[in-house]
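Data first, discussion second: the structure below is written as structure tokens.
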Amino acid sequence: MDRVVEWSNVTWFLTALGAVVVLITRVRLGGTVVDGTGHGAGRHGYSAILLRLHTIVGVVTLVGWVVALVIGRREIALAMLAGWWLLTVVGLLLLTRWLPSGGKHSEDTQSDSWGSGAGLSVLGHVGMLLGVCYFTFVAVTDRL
Numbered sequence: 010m011d012r013v014v015e016w017s018n019v020t021w022f023l024t025a026l027g028a029v030v031v032l033i034t035r036v037r038l039g040g041t042v043v044d045g046t047g048h049g050a051g052r053h054g055y056s057a058i059l060l061r062l063h064t065i066v067g068v069v070t071l072v073g074w075v076v077a078l079v080i081g082r083r084e085i086a087l088a089m090l091a092g093w094w095l096l097t098v099v100g101l102l103l104l105t106r107w108l109p110s111g112g113k114h115s116e117d118t119q120s121d122s123w124g125s126g127a128g129l130s131v132l133g134h135v136g137m138l139l140g141v142c143y144f145t146f147v148a149v150t151d152r153l
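Letter by letter, the sequence shown follows residues 10 to 153 in our numbering.
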């Protein structure tokens, strides 16, 4: 029995996961921004502008991507790839907050549970990178 890859099913699934990454990033980081930066013990701060950019680009890209998938317009999908790549880069930049700050007076990074530590963020944003590679593949090879 031959199995045929249902590109559209995989694409919709990864689109939904992309929406979850944008939402969870906003929820997890949105409440910790103080004076324009978010901080954690022994971690770098991050810019509130970077978080805002992640959210805005994520929402606009998701809406445009869904429109492209629904109406089947490859041109829109190709344009939305720029948004997906920008979203991925900004998300990976937000991951740098988990790097040790290395400051003389900084505390060691506190160990967090899976849901509140770096694990979920790494999984989401590295997964987003792989998903965007897939989106690029299906858009460029006209498999939408």
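For every residue, glycine included, the Cβ atom is placed at its ideal position computed from N, Cα and C. As the structure is a computational prediction, the values presented were derived from the model and not from experiment.
Nearest to residue 34 by alpha carbon, out of 78, 16, 144 and 99?
99
Selection from 96, 83 and 153 that minimises the alpha carbon distance to residue 32
96
If distances are taken between C-alpha atoms only, which option among 29, 82 and 102 comes closest to residue 62?
102
Excluding the five sequence neighbours on either side, which residues of its own chain have a C-beta within less than 8 Å of the C-beta of residue 153, listed in chain order?
16, 17, 20, 77, 78, 81, 83, 86 and 147
With DSSP as the reference, identify every bridge partner of residue 130, one or two as the case may be.
Answer by DSSP bridge pairing: none, since residue 130 is not bridged.
How is the alpha helix (DSSP H) around residue 81 delimited, first residue to last?
Neither: residue 81 is in no alpha helix (DSSP H) and is coded neither H nor E.
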